[in-house]
Every structure is written in C-alpha cells, then in structure tokens.
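For the sequence shown, numbering that gives the first Met the number 0 assigns the number 0 to the initial residue and increments by one for each residue that follows.
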Amino acid sequence: MTFIHENLKLYKIKLIFKVMDDKFTIIISPEKFIPRDLSLDSLIGNEKFITTINAHVNALRSSQYLLPEEIKRIQVDRFHILVSNLSSASKYWRDYFAVLGRSKSKVSLMKNFSKLSLLNRDILNKDKQHFSLVSNGDNQPFFRKTSGSTSLPIRIGVDKREATVAYFSYLLRQDVFKNIDISTLLSRKFIIGLGSSGLRYWMGDFIHMFPISMKEIEDQDYRKKIYDALKNMEPVILGGFASLVSRFCALMFDDGNYNSSSFLAIKLGSEPLVNEERKNLRKLLNIPVINELNCGEVGTIGFECASNLNRFHLNAERIILEITDKNGINLPDGEKGLMVVTALDRKITPIIRYELGDMGKLISEKCPCGLNLPLFEFWGRRGDEILLSNGRKVRVVQVYGNLMKAGLARKASQFQIQQKNIDQLIFRIVPTEHIQEEEEIKLRLSLNDLFFDCRMNIDFEYVENITPTQGGKRKFFIPLDEDRQNFEI
Numbered sequence: 000m001t002f003i004h005e006n007l008k009l010y011k012i013k014l015i016f017k018v019m020d021d022k023f024t025i026i027i028s029p030e031k032f033i034p035r036d037l038s039l040d041s042l043i044g045n046e047k048f049i050t051t052i053n054a055h056v057n058a059l060r061s062s063q064y065l066l067p068e069e070i071k072r073i074q075v076d077r078f079h080i081l082v083s084n085l086s087s088a089s090k091y092w093r094d095y096f097a098v099l100g101r102s103k104s105k106v107s108l109m110k111n112f113s114k115l116s117l118l119n120r121d122i123l124n125k126d127k128q129h130f131s132l133v134s135n136g137d138n139q140p141f142f143r144k145t146s147g148s149t150s151l152p153i154r155i156g157v158d159k160r161e162a163t164v165a166y167f168s169y170l171l172r173q174d175v176f177k178n179i180d181i182s183t184l185l186s187r188k189f190i191i192g193l194g195s196s197g198l199r200y201w202m203g204d205f206i207h208m209f210p211i212s213m214k215e216i217e218d219q220d221y222r223k224k225i226y227d228a229l230k231n232m233e234p235v236i237l238g239g240f241a242s243l244v245s246r247f248c249a250l251m252f253d254d255g256n257y258n259s260s261s262f263l264a265i266k267l268g269s270e271p272l273v274n275e276e277r278k279n280l281r282k283l284l285n286i287p288v289i290n291e292l293n294c295g296e297v298g299t300i301g302f303e304c305a306s307n308l309n310r311f312h313l314n315a316e317r318i319i320l321e322i323t324d325k326n327g328i329n330l331p332d333g334e335k336g337l338m339v340v341t342a343l344d345r346k347i348t349p350i351i352r353y354e355l356g357d358m359g360k361l362i363s364e365k366c367p368c369g370l371n372l373p374l375f376e377f378w379g380r381r382g383d384e385i386l387l388s389n390g391r392k393v394r395v396v397q398v399y400g401n402l403m404k405a406g407l408a409r410k411a412s413q414f415q416i417q418q419k420n421i422d423q424l425i426f427r428i429v430p431t432e433h434i435q436e437e438e439e440i441k442l443r444l445s446l447n448d449l450f451f452d453c454r455m456n457i458d459f460e461y462v463e464n465i466t467p468t469q470g471g472k473r474k475f476f477i478p479l480d481e482d483r484q485n486f487e488i
C-alpha cells in the first residue's frame with residue numbers, strides 16, 4: 000500500500016507540474032510569445048504590445064500564488080533553458096557550466112548551482128566574452144551603460160523586446176494596478192519621470208522625462224512645468240530618483256498643487272529612501288507608493304510589499320536570489336549577508352551569480368498579503384549623503400550621475416569620493432588617460448547645482464589603485480562621519 004500511495008503522490012505532483020507547464024509557458028519561455036514583428040518605436044496604443052503585456056501580467060498574477068516548490072520549478076526550467084542556450088553558444092560558457100555535471104539535467108543543475116563561480120562588476124567590465132553570445136535574427140540587441148550610481152558605468156546588453164516586455168509585466172503585476180485596465184493604460188502617456196533614471200530606457204513614448212537636479216526642484220517656476228504636465232496627463236505614475244521624487248512631492252504639497260486624483264502611484268527607484276522618509280511620503284500623499292529594488296545589470300529584482308513594509312517580494316519567475324558570506328557560501332534564511340542574483344532572462348549579457356554589493360537576508364515566514372513569492376530585506380549602500388554647510392544633504396547617487404554626464408567614465412577606471420570636511424571633497428581617480436586642468440574644472444562645475452551655492456572645495460588625487468579593504472573590496476564613498484557604516488563595492 001505504501002508503494003501505491005507513494006506512486007500516486009508522485010503522479011499527482013507530475014500532473015500538477017504538467018498543468019503548470021502548460022499555463023506558465025509564457026513565463027518560462029516568454030520569447031515564444033513575443034511577436035517577431037513587434038515594433039518598440041511606438042508603444043502607445045500598440046495592439047501587439049498591449050496583447051503581449053496583458054498575457055504576461057495575467058500569468059504573473061497567477062504564478063505569485065503558486066506553492067514555493069512550483070515557483071522553484073519555474074526557476075529550474077528557465078535556468079535549464081539558459082544553460083542550454085549559452086552552452087551551445089560558446090566554449091567559454093561550456094567551461095563555466097562544467098561544475099554542473101556532464102548531464103546538465105535539471106536535478107544536477109540546481110544541486111550544483113552554488114558551485115558556479117561568482118560574477119562581479121570587474122569581471123563584467125573586463126571580460127568581453129560576456130557579450131552577445133546568444134544572438135539570432137529574432138533578437139533586438141540593445142546596449143546601454145548602467146547609471147554609475149554606485150560605481151563606474153558598465154556596458155550591458157539585453158534583448159530590447161524581451162527586456163521591455165519584462166519591465167512592464169513585472170511592474171503591472173503589482174496590486175496597485177489590479178483594478179486598472181491595462182489596455183486603456185497603455186493607450187496613453189502615463190508616466191512622469193524626474194532625473195535621469197533608467198525609466199527612460201524602457202518606458203518609450205509612455206513617459207515625459209524631466210532630467211532635473213535638486214536645484215531645479217527648488218525652483219518654483221520649473222516646478223510649474225511639471226505641474227502643467229501632471230494636469231495634461233493625469234492620472235500618472237510619478238517616478239525617478241527617490242530623493243527627487245520625495246522632495247518634489249513635499250514642495251508640491253506646500254505649493255497647494257497636490258491632488259490625489261492626479262496620481263496612480265509614486266514609483267521610487269535608483270536609490271533607497273530611509274524608512275522615515277517613505278512613511279512621511281505615504282502619510283502626506285495617501286496614494287500608493289511603489290518601491291522597487293532595481294539594478295541596471297539585472298533589471299527589477301523585487302518590490303516592497305504594501306502590506307508588509309520594509310520587506311520585498313522577489314520577482315522569482317525571473318530572478319534567483321542567494322544570500323552568501325564573503326566567500327560565496329550560501330547562508331541560512333534569516334542571516335544577513337551579501338546579495339547574489341541570477342537573471343534567468345538575460346542572454347546577451349548573462350548575469351549569473353552576480354554580486355550586487357548590497358546586504359540582505361531571506362525571510363522564510365509566510366507574508367500576510369497572501370503572495371507566495373519569496374520575501375527578503377535589503378540594506379543598500381546607495382543611501383550615503385554628502386553634508387553641506389547649510390544643513391542640507393546631497394545623495395551620493397546624484398553626484399555620481401553628474402560626474403558621469405561630465406565625462407568622468409571615459410577618463411577613469413576607478414574612482415573614490417571622500418568627504419574630508421564640511422566644505423571639502425577629495426576625488427581619488429585611477430585615470431585611463433591624462434586629465435587636463437580644464438576637464439577638472441568641468442567636473443567641478445557639474446556639481447555646482449547640487450551644492451545649493453554652498454562652498455565646496457574639490458581636490459583631485461590621481462592614484463594607481465584604490466586601496467581595498469581587508470575583505471578585498473573598494474570603498475566607493477567615505478562619509479564625513481567615520482563612525483557611520485562604510486558602504487563597499
């Protein structure tokens with residue numbers, strides 16, 4: 000009887016997975032469902048795009064309630080496909096996957112997964128074999144540089160159609176949009192973006208970008224331009240750099256221009272807000288706040304649960320998240336460690352066991368919202384601030400952005416910022432070529448708007464290497480207060 004019972008149980012499990020495979024093939028192999036002639040030049044009202052997004056969102060809204068082992072099955076299937084594609088593309092990847100075993104069966108893949116060597120920014124930046132390894136006539140390769148918000152930008156390649164569909168699908172799966180007709184939403188411009196955030200790469204003609212700095216946010220005449228756009232486009236998602244969005248919303252409220260009916264949601268990204276700022280923003284506006292963990296190399300990793308603040312749901316259908324020690328050894332749930340991610344849908348620049356540089360921990364308990372997507376917490380290194388003499392603070396992410404625009408990425412292989420005094424910054428640069436005095440002046444001028452006319456002396460130090468910490472990593476920003484936590488890359 001035991002034998003019969005076990006076989007019946009096994010049969011039921013196989014039957015569940017068979018039904019699941021049929022229903023969620025669109026998640027496991029999304030490329031099969033994206034029309035080959037789908038044009039990304041004009042997305043507003045694009046029927047093929049709308050149909051594709053609707054199908055993906057419906058599947059994702061169902062998959063997030065699957066049992067954990069069923070969600071794991073989707074990950075295994077997607078990783079198996081990724082390994083097969085990459086192994087057939089080059090010897091480089093065949094050698095990389097050798098530790099998974101000769102058979103490359105789904106069982107051996109996951110059993111030996113943690114044996115795969117870790118990927119980091121230095122490898123990604125230097126090892127050109129990571130690029131364009133899987134390409135065919137149906138792909139639309141698109142190369143962009145990451146924002147450089149936590150280090151020098153690196154070049155990343157994606158399939159533009161697949162990445163765009165994934166971006167919208169994983170955004171619109173969230174409960175904020177459950178009562179919104181997606182077809183109607185995608186038939187108009189509905190996003191206003193503040194700052195030069197990654198939104199501009201994926202939102203196409205749905206977005207009205209305001210590539211502004213904090214100084215322009217403080218300008219009432221400039222804010223009026225944003226208010227006018229809000230009125231013409233409402234209701235909208237307001238998104239972009241979290242610090243810019245937060246400050247704009249506070250000023251909008253003070254200006255008497257806030258109307259909750261103008262907004263679908265506020266979308267925070269590119270940098271974290273401290274808990275108190277997020278709470279104040281929610282209390283002030285009383286509208287949904289979408290808080291995501293994004294990474295230029297990986298895409299959207301997860302989203303904060305509206306019912307369980309400070310905890311994030313993993314987009315597990317496309318991301319595998321590990322928490323490891325400094326040696327890459329997996330830690331038990333609940334233990335804080337380094338975040339390592341694998342993107343199951345990145346084939347142009349594969350992202351496998353990639354060190355984010357952020358700290359986090361996996362949460363094993365069931366989320367009260369009812370979703371079965373894995374829960375995690377994270378502590379980013381991107382919230383450090385430069386202190387000004389007038390009491391204001393400037394997010395380092397904005398300083399990085401301005402330096403990149405001023406051309407530092409083309410001149411340096413590494414750099415580090417240290418706030419030595421309230422009115423002094425030191426830029427340590429490992430140059431790739433000689434930096435002229437006029438180029439130093441350009442870099443200084445690029446930061447003027449951020450410092451609100453506060454005096455800030457910037458000294459340049461040219462070095463052969465940025466001294467690593469004992470753990471072998473380089474501090475990217477050294478804050479004024481030495482007692483504060485050092486964030487590393």
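Glycine included, C-beta positions come from ideal geometry on N, C-alpha and C.
Nearest residue (CA-CA) to residue i, options the options
| i | options | result |
| --- | --- | --- |
| residue 295 | 309, 349, 323 | 349 |
| residue 27 | 70, 120, 45 | 70 |
| residue 355 | 318, 399, 371 | 318 |
| residue 465 | 267, 375, 322, 414 | 414 |
| residue 124 | 81, 408, 442, 305 | 408 |
| residue 79 | 91, 100, 62 | 100 |
| residue 182 | 442, 366, 54 | 54 |
| residue 170 | 77, 107, 441, 290 | 290 |
| residue 292 | 166, 108, 76 | 166 |
| residue 367 | 314, 307, 338 | 307 |
| residue 63 | 373, 463, 241, 246 | 373 |
| residue 360 | 389, 45, 369, 312 | 312 |
Those residues which DSSP pairs with residue i across a bridge
| i | result |
| --- | --- |
| residue 418 | 424 |
| residue 294 | 298 |
| residue 394 | 384 |
| residue 413 | 429 |
| residue 461 | 428 |
| residue 360 | 376 |
| residue 340 | 320, 353 |
| residue 476 | 416 |
| residue 208 | 192 |
| residue 303 | 311 |
| residue 288 | 265 |
| residue 456 | 423 |
| residue 329 | 323 |
| residue 118 | 353 |
| residue 164 | Bridge partners of residue 164: none, in fact. |
| residue 235 | 262 |
Beta-carbon separation (whole angstroms), residue i vs residue j, contact threshold 8 Å
| i | j | result |
| --- | --- | --- |
| residue 391 | residue 117 | With a Cβ gap of about 38 Å, residue 391 and residue 117 do not count as contacting. |
| residue 284 | residue 261 | Going by Cβ atoms, the distance from residue 284 to residue 261 rounds to 10 Å, so no, they are not a contact pair. |
| residue 29 | residue 217 | With 8 Å as the limit, residue 29 and residue 217 do not qualify as a contact, their Cβ atoms being about 43 Å apart. |
| residue 47 | residue 34 | 5 Å |
| residue 73 | residue 316 | 5 Å |
| residue 104 | residue 329 | Between residue 329 and residue 104 the Cβ distance is about 21 Å, and since that is not below 8 Å, they are no contact. |
| residue 378 | residue 357 | 7 Å |
| residue 115 | residue 193 | Wrong, their Cβ atoms sit about 38 Å apart, outside the cutoff. |
| residue 362 | residue 310 | 6 Å |
| residue 301 | residue 314 | 6 Å |
| residue 267 | residue 222 | Incorrect: roughly 19 Å between the Cβ atoms, too far for contact. |
| residue 82 | residue 65 | About 23 Å; that fails the 8 Å criterion. |
Cβ neighbours of residue i in the same chain (closer than 7 Å, five flanking residues each side left out)
| i | result |
| --- | --- |
| residue 387 | 393, 450, 451, 453 |
| residue 205 | 42, 43, 188, 189, 190 |
| residue 131 | Caution is warranted here: a pLDDT of 47 is assigned to residue 131, below 50, making its placement in the model unreliable, and no coordinate value can be reported. |
| residue 252 | 283 |
| residue 163 | 39, 201 |
Same chain, Cβ closer than 6 Å to residue i, neighbours up to 5 away in sequence not counted
| i | result |
| --- | --- |
| residue 423 | 456 |
| residue 479 | 386, 418 |
| residue 172 | 56, 59, 60 |
| residue 327 | 117 |
| residue 263 | 234, 236 |
| residue 297 | 340, 342, 350 |
| residue 185 | 49 |
| residue 14 | Note that residue 14 has pLDDT 40, beneath the 50 cutoff, so the model's placement of it is unreliable and the number below is only indicative. So the list is empty, once near-sequence residues are dropped. |
| residue 443 | 457 |
Test: residue i CB closer than 7 Å to a CB of chain B
| i | result |
| --- | --- |
| residue 354 | Although the question refers to chain B, the structure presented lacks it and comprises just one protein chain. |
Same chain, Cβ closer than 8 Å to residue i, neighbours up to 5 away in sequence not counted
| i | result |
| --- | --- |
| residue 232 | 187, 188, 189, 191, 207 |
| residue 438 | 406, 410 |
| residue 224 | 209 |
| residue 259 | 284, 285, 286 |
| residue 446 | 398, 401, 402, 455, 457 |
Segment contact, 8 Å Cβ cut-off, at least three pairs: the region 450–466 with the region 411–428: yes
The region 397–407 contacting the region 94–102, beta-carbon criterion three pairs below 8 Å: no
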